[in-house]
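Protein chains in written order, with the numbering used here: chain D, 1 to 310; chain U, 311 to 850. Note that beta-carbon positions come from the ideal geometry of N, C-alpha and C, so glycine has one too. What follows is a single structure, written as structure tokens, with notes after it.
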Amino acid sequence: MLREMAVMAIRTSKLSKDYRLGRGLFDLDLVVSPQEVFGYLGPNGSGKTTTIRCLMSMIRPTSGSAHVFGLDCRRDSVAVKRKVGYLPGDVPQFGSLRGREVIAYLGGMRGGADPKVVRNLAERFDLDLSRRFREYSSGNKQKLAIVLAFMHQPDLLILDEPTSGLDPLNQQEFYSLLREAREDGATVFLSSHILSEVEHVCDRVGILRAGRLVKVAHLEELRHIRVHRVELEFAPGSIVPEAQIRSATGVEDATIADHIVRCTVRGGFEPLLEAIRNASVTSLVSAEPSLEEIFLSYYSETGNAGALPE
Amino acid sequence: MSATWFALRLGRWGIAGFAALAFVSTLIQALGFYQVAGHTAAERAAFGQSMSVLASRFTVILPPPIRPDTVGGYVEYRSYGGLALLFAVWALASASGAARGDEERGLVEAALATGLTRLSLTASRVLAFAAGSLVAALAAGLGLILGATNGGESISVGSAVEAGFVLAALALSCYSLTLVISQLTSARIATAAAGVVLLSLFLVNTLSRTFTSLISVRWLSPFRYYELSQPLPPGGYFDGRATLTLVAIALVAGAAAAVAFAFRDLGSPLFRWPARARSASYDGLTSPAWRIAVLRGVWDRRLGLVVWAAGLAGLGAIFVAMTRSIIEPLLSIQALAPYFGGFVHGQVYTTFLGFFWFSVAQLLFAAFAITQVARWSAEDADGRLELILSNPRSRAAVVIERAIVLAFGAALIAAAGGVAVAVASHYQGMNVPNERLAGATLLLVPFALVFAATGSLLAAWNPRATIGLLGGFAFCSYLITEVGPFFKWPEWVQDFSAFKLFGTPLADGIDRGGLLIMVAIIVVGFAASILVMERRDVGA
Chain D
1 MLREMAVMAI
11 RTSKLSKDYR
21 LGRGLFDLDL
31 VVSPQEVFGY
41 LGPNGSGKTT
51 TIRCLMSMIR
61 PTSGSAHVFG
71 LDCRRDSVAV
81 KRKVGYLPGD
91 VPQFGSLRGR
101 EVIAYLGGMR
111 GGADPKVVRN
121 LAERFDLDLS
131 RRFREYSSGN
141 KQKLAIVLAF
151 MHQPDLLILD
161 EPTSGLDPLN
171 QQEFYSLLRE
181 AREDGATVFL
191 SSHILSEVEH
201 VCDRVGILRA
211 GRLVKVAHLE
221 ELRHIRVHRV
231 ELEFAPGSIV
241 PEAQIRSATG
251 VEDATIADHI
261 VRCTVRGGFE
271 PLLEAIRNAS
281 VTSLVSAEPS
291 LEEIFLSYYS
301 ETGNAGALPE
Chain U
311 MSATWFALRL
321 GRWGIAGFAA
331 LAFVSTLIQA
341 LGFYQVAGHT
351 AAERAAFGQS
361 MSVLASRFTV
371 ILPPPIRPDT
381 VGGYVEYRSY
391 GGLALLFAVW
401 ALASASGAAR
411 GDEERGLVEA
421 ALATGLTRLS
431 LTASRVLAFA
441 AGSLVAALAA
451 GLGLILGATN
461 GGESISVGSA
471 VEAGFVLAAL
481 ALSCYSLTLV
491 ISQLTSARIA
501 TAAAGVVLLS
511 LFLVNTLSRT
521 FTSLISVRWL
531 SPFRYYELSQ
541 PLPPGGYFDG
551 RATLTLVAIA
561 LVAGAAAAVA
571 FAFRDLGSPL
581 FRWPARARSA
591 SYDGLTSPAW
601 RIAVLRGVWD
611 RRLGLVVWAA
621 GLAGLGAIFV
631 AMTRSIIEPL
641 LSIQALAPYF
651 GGFVHGQVYT
661 TFLGFFWFSV
671 AQLLFAAFAI
681 TQVARWSAED
691 ADGRLELILS
701 NPRSRAAVVI
711 ERAIVLAFGA
721 ALIAAAGGVA
731 VAVASHYQGM
741 NVPNERLAGA
751 TLLLVPFALV
761 FAATGSLLAA
771 WNPRATIGLL
781 GGFAFCSYLI
791 TEVGPFFKWP
801 EWVQDFSAFK
811 LFGTPLADGI
821 DRGGLLIMVA
831 IIVVGFAASI
841 LVMERRDVGA
């Protein structure tokens, strides 16, 4: 048991933090392997940040335990943090300090950061380190937080909604950085409330709802609960392939009014695209529902109050 | 109107705190008056005479009292003089917070996005502070009335209201002046710049009583107009024109602030130096200073420490000069020679300098410690502590490093003040023993650490309430030295006051018992704060 714990990047056992009134985190049993990129998904207030703060020993669990690389997060918190790069959910305020001073101040607490690594990260995100923190836009503040988490090349990255405030280009750059970190041997624990985000980078995903872990799945399994709301508009006077659309795999709840088709697509788009291959489509809009909507949709269909399908 | 209510809500703790402080201050001084002033007319007259003599030594800070043999005159002198300073500090903190602090927190942007004009926003803030300061100032009058009633006398409600109105008008003028200065500077230095201006205006007025060359410019100071009214003692007066001048200053400065606010960008001062064209820099700092524990904390605070050190050195030199100019005329009075000889055992300058300078230095060191504790609680509230603790450092190490950084900073400031006093007294020909001066100056470090240890414990327990509670602790600590002897409180109760524990080291040497108690408070306070810090949730 102890040997197994030593090799796991993260292991929690019945980890709970009870804030009363049903809020908090309850009986979390979670294992993250080394060099794995683990996505931690859940709607706002589901307990993602509470889990992360327990791992970082910022808050004391009500019960249960958490280990990082075999080290007890509470008892060995200093040793744990030596191995961790942390990006908090809210970037703290550093007032009039310059970006490079923030890095020097926090990096100094680890004995200094490698100047080459810092420069490389700042260049990748085009982050001017000579500017004062209060002059930074929210995106630049987030970039600084990313530099702080990655600059000492940690074994484990714990990132709380890391792409919040980043524009799409910088999001892509961040995903590349994650892949490189993983190739270099790092483990990543990343929280998000956006399903598509974790698809970019994660090997496995854990889904949290109301403080309870309801699903842990590989990315492929995730596609089964992945749904899109689709609206197709056909050219006036053209034929709408209604039967093909309704019979396409994964297409549900199709409604047809005039030349507009609205439906839900579960899983991949290929069957639907095949169904409309010969039709004259003038517009196709696909929207991703929120995680909460997915949960509600799932629960209303199955009446399952406990967990998502394995 | 909703903007004014919102502004009142934002400042509700300040209003409640200062109202309570003003009420307690006047109530205790009024109750204390009946303990010390005697009961017969002759006793009261003798008390009034001795108060006038005592007050003549402090004209550099407070105006001479009128009829200190009456409860109105005594409380006017003992409470309202100090409250003027406290209300000015409150106005400074509130106005710089409203002008630039709320801007940094995004509150100003949110308010303007609702369609509120900048003029309306400024007016709502001024109006809310006017209402809040008036409530707090009237609470002072209530404390006096209750204290006097308890002593079997009565105070005119009209006089109490007039005194409250003058105090509120002074606070409002300081608020508006801070508001306008905050528009002209960057957010980073707004409070400091306004603080320097208000302190200068205060000193121009108070020093003009000692240095006559300043009389010609004291009309610039709102504190001058405040002092022109003393409505509480019998025969006192309410100067309506001076009070209206204070209100006019508030209105004109408030209008100027609104105009300046209308012409500047959010987040920027009204006037900015043209930005130099430069390319982005991606290089971090390589200075080893940031890697060494304690040194990085001192380095991070370097600008503030330099300002504190320079300010204390300058004030020290001024106090030496003032001591000489006050004492010399007194020494020339033959009748007072035996009194001085018996009272100060030949060390006239040392005794008086110790009394003048170290009284002020204690207050400044308490303020320094409180500002550092405010920083600790802000680190917690802003999320910086969470990021600091995400590094491989224990919570105990964080507390210990904070304590050492504060001790180092206090020692640096004390040294600057001590050297300035030593050099100035040497050039003034005042024979102050250097060894005593060094000991007394160094004693300011554990004195500051007493407040820091208390603040550290409070910050570990409840960071949001820390500054209010620590301010209350400092006030109570000061109050014990003020009223403890009057009410004949037991010695052990008076030993709760850091001011009492400090003693009079320049005149009488360091009180070893007091020093030991201070060290015990420091050790227990920081040890307890480590234990509390280890057990609490951060960032939750």
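Worksheet item: What does L21 of chain D reach in chain U if we use C-beta pairs closer than 9 Å?
Response: Along the first sequence, read from residue 1 onward, the residue named residue 21 of chain D stands at position 21. Neighbours of L21 of chain D in chain U, taken as residues whose beta carbon is under 9 Å from its own, are absent, since the nearest beta carbon is some 15 Å off.
Practice prompt. Indicate whether the contact test is met: 3 or more Cβ pairs, each with one atom in the stretch 735 to 750 of chain U and one in the stretch 807 to 824 of chain U, closer than 8 Å.
Written response: In the pairwise beta carbon analysis, the stretch 735 to 750 of chain U is classified as touching the stretch 807 to 824 of chain U: at least three pairs are separated by under 8 Å.
Fill in: Assigned secondary structure, H349 of chain U (DSSP; H/G/I helix, E/B strand, else coil)
Translated into the one-based positions of the second sequence, residue 349 of chain U becomes position 39. The three-state secondary structure of H349 of chain U, taken from DSSP, is coil.
Discussion item. Just to confirm, is the Cβ distance from A563 of chain U to S486 of chain U under 8 Å?
Written reply: The residue labelled residue 563 of chain U in the question sits at position 253 within the second sequence. The residue labelled residue 486 of chain U in the question sits at position 176 within the second sequence. Result yes, Cβ atoms of A563 of chain U and S486 of chain U sit closer than 8 Å.
Fill in: Member of D:V84, D:G42, D:P34 and D:S46 whose CA lies at the smallest distance from the CA of L55 of chain D
By one-based count along the first sequence, residue 55 of chain D stands at place 55. Comparing Cα positions, the closest option is D:V84.
Worksheet item: What are the boundary residues of the beta strand (DSSP E) that F38 of chain D is part of?
Response: Here residue 38 of chain D corresponds to residue number 38 of the first sequence, with the count starting at 1. Taken as a continuous stretch (DSSP letters only), the beta strand (DSSP E) holding F38 of chain D covers V37 to L41.
Discussion item. What are the residues in the stretch 92 to 104 of chain D lying within 8 Å of chain U by C-beta distance?
Written reply: For the stretch 92 to 104 of chain D, which is checked against every Cβ of chain U, the residues closer than 8 Å are P92, Q93, F94, G95, S96, L97, R100, E101, I103 and A104.
Practice prompt. Check the Cβ of I59 of chain D against every Cβ in chain U and list those closer than 8 Å, keeping chain order.
Written response: For the purposes of this step, residue 59 of chain D is identified with residue 59 of the first sequence, where counting begins at 1. By Cβ distance, chain U contributes D847, V848, G849 and A850.
Worksheet item: Just to confirm, are L87 of chain D and A145 of chain D a CB contact at a threshold of 8 Å?
Response: The residue labelled residue 87 of chain D in the question sits at position 87 within the first sequence. The residue labelled residue 145 of chain D in the question sits at position 145 within the first sequence. Yes, Cβ-Cβ distance for L87 of chain D and A145 of chain D is below 8 Å.
Worksheet item: What's the gap between the Cα of D690 of chain U and the Cα of L393 of chain U?
Response: By one-based count along the second sequence, residue 690 of chain U stands at place 380. By one-based count along the second sequence, residue 393 of chain U stands at place 83. When only Cα atoms are considered, D690 of chain U and L393 of chain U end up about 31 Å apart.
Worksheet item: What in chain U is Cβ-close to D128 of chain D, meaning under 7 Å?
Response: Here residue 128 of chain D is taken as the residue at index 128 of the first sequence, counted from 1. Neighbours of D128 of chain D in chain U, taken as residues at a C-beta separation under 7 Å, are given in chain order as A590 and S591.
Practice prompt. With H218 of chain D as the anchor, note down where its beta strand (DSSP E) starts and where it stops.
Written response: Along the first sequence, one-based indexing puts residue 218 of chain D at 218. R212 to H218 is the extent of the beta strand (DSSP E) around H218 of chain D.
Item to complete: Compute the distance between the beta-carbons of F69 of chain D and R204 of chain D, then report whether it is under 8 Å.
Response: If you number the first sequence from 1, residue 69 of chain D lands on position 69. If you number the first sequence from 1, residue 204 of chain D lands on position 204. No. Outside cutoff.
Fill in: Under 9 Å by beta carbon: chain U residues contacting V118 of chain D
Within the first sequence, the letter at position 118 stands for residue 118 of chain D. Ordered by position in chain U, the residues that pass the 9 Å Cβ test against V118 of chain D are Y592, D593 and G594.
Worksheet item: For a contact meaning CB atoms closer than 9 Å, what does Y136 of chain D contact in chain U?
Response: Stepping through the first sequence from its first residue, residue 136 of chain D is reached at position 136. Ordered by position in chain U, no residue passes the 9 Å Cβ test against Y136 of chain D, which lies about 11 Å from the chain.
Worksheet item: Where does Q657 of chain U fall in DSSP's three states?
Response: Your numbering for residue 657 of chain U matches position 347 in the second sequence. Per DSSP, reduced to three states, the secondary structure at Q657 of chain U is coil, with no helix or strand assignment.
Item to complete: Verify whether the separation of the beta carbon atoms of V334 of chain U and A458 of chain U is less than 8 Å.
Response: In the second sequence, residue 334 of chain U corresponds to position 24, counting from 1. In the second sequence, residue 458 of chain U corresponds to position 148, counting from 1. Contact flag unset, no.
Worksheet item: When the Cα of Y547 of chain U is compared with those of U:L448, U:G824 and U:E386, which residue comes out closest?
Response: For the purposes of this step, residue 547 of chain U is taken as the residue at position 237 of the second sequence. Closest by alpha carbon: U:E386.
Worksheet item: Of the choices D:N120, D:V91 and D:V281, whose alpha-carbon is the least far from that of D692 of chain U?
Response: The count along the second sequence starts at 1 and reaches residue 692 of chain U at position 382. Out of D:N120, D:V91 and D:V281, the CA that lies nearest to the CA of D692 of chain U is found in D:V91.
Discussion item. Quick check on the burial criterion: 16 or more other C-beta atoms within 10 angstroms. Buried or exposed for E419 of chain U?
Written reply: Within the second sequence, residue 419 of chain U is the residue found at index 109, counting from 1. When all chains shown are included, E419 of chain U counts as exposed.
Worksheet item: Got a sec: which bits of the stretch 70 to 86 of chain D sit with their beta carbon under 9 Å from any beta carbon on chain U, in order along the chain?
Response: The residues in question are S77, V78, A79, V80, K81, R82, K83, V84, G85 and Y86.
Worksheet item: On the three-state DSSP scale, how would you describe R377 of chain U?
Response: Within the second sequence, residue 377 of chain U is the residue found at index 67, counting from 1. The answer is coil: DSSP assigns R377 of chain U none of H, G, I, E or B.
Discussion item. Within 8 Å of any Cβ in chain U, is that where the Cβ of G211 of chain D sits?
Written reply: Position 211 of the first sequence, counted from the first residue, corresponds to residue 211 of chain D. No, its Cβ sits nowhere closer than 8 Å to a Cβ of chain U.
Discussion item. Does the stretch 567 to 576 of chain U come into contact with the stretch 417 to 437 of chain U, if we say contact requires no fewer than three beta-carbon pairs (one atom in each stretch) closer than 8 Å?
Written reply: Touching, yes.
Discussion item. Using the three-state DSSP reduction, which class does L208 of chain D fall into: helix, strand or coil?
Written reply: Along the first sequence, one-based indexing puts residue 208 of chain D at 208. Per DSSP, reduced to three states, the secondary structure at L208 of chain D is strand.
Worksheet item: Hey, quick one: how far does the beta strand (DSSP E) through A497 of chain U stretch, first residue to last?
Response: Position 187 of the second sequence, counting from 1, holds the residue named residue 497 of chain U. Looking at the DSSP string, A497 of chain U is not in any beta strand (DSSP E), and its letter there is neither H nor E.
Practice prompt. Please report the Cβ distance between A566 of chain U and V490 of chain U, rounded to the nearest whole angstrom; I am assuming they are in contact, meaning their Cβ atoms lie under 8 Å.
Written response: On the second sequence, residue 566 of chain U is found 256 positions in, with the first residue counted as 1. On the second sequence, residue 490 of chain U is found 180 positions in, with the first residue counted as 1. The distance from the Cβ of A566 of chain U to that of V490 of chain U is about 5 Å, consistent with a contact at the 8 Å cut-off.
Worksheet item: By how many angstroms is the C-alpha of G89 of chain D removed from the C-alpha of L159 of chain D?
Response: On the first sequence, residue 159 of chain D is found 159 positions in, with the first residue counted as 1. On the first sequence, residue 89 of chain D is found 89 positions in, with the first residue counted as 1. C-alpha separation (whole angstroms): 8 Å.
Worksheet entry | Selected residue, minimal CA-CA separation from C786 of chain U, among U:H736, U:A352, U:L722 and U:Q804 | Translated into the one-based positions of the second sequence, residue 786 of chain U becomes position 476. For C786 of chain U, the closest C-alpha among the options U:H736, U:A352, U:L722 and U:Q804 is that of U:Q804.
Discussion item. Assuming C263 of chain D is part of the beta strand (DSSP E), what are its boundary residues?
Written reply: As a working mapping, residue 263 of chain D is identified with position 263 in the first sequence. In this chain, the beta strand (DSSP E) harbouring C263 of chain D covers I260 to R266.
Worksheet item: From the DSSP output, which residues share a beta bridge with R98 of chain D?
Response: In the first sequence, the residue the question calls residue 98 of chain D occupies position 98. Per DSSP, D:R132.
Practice prompt. Quick one: which unbroken alpha helix (DSSP H) runs of 4-plus residues sit fully inside the stretch 401 to 465 of chain U? Chain order, please.
Written response: Listed in chain order, the complete alpha helix (DSSP H) runs (minimum 4 residues) inside the stretch 401 to 465 of chain U are 417 to 423 and 428 to 460.
Worksheet item: Is there a Cβ from chain D that is less than 8 Å from the Cβ of L699 of chain U?
Response: Residue 699 of chain U sits at position 389 when you count from the first residue of the second sequence. Chain D contact via Cβ: present.
Item to complete: Could you check the C-alpha separation between L524 of chain U and Y535 of chain U for me, to the nearest Å?
Response: Here residue 524 of chain U is taken as the residue at index 214 of the second sequence, counted from 1. Here residue 535 of chain U is taken as the residue at index 225 of the second sequence, counted from 1. Our two residues, L524 of chain U and Y535 of chain U, have alpha carbons roughly 15 Å apart in a direct line.
Worksheet item: In three-state DSSP terms, what is T62 of chain D?
Response: For this step, residue 62 of chain D is matched to residue 62 along the first sequence. Coil, per DSSP.
Discussion item. In chain order, what are the residue ranges of uninterrupted alpha helix (DSSP H) at least 4 long that sit wholly in the stretch 557 to 613 of chain U?
Written reply: Contiguous alpha helix (DSSP H) elements confined to the stretch 557 to 613 of chain U occur at 605 to 610, taking only those with 4 or more residues.
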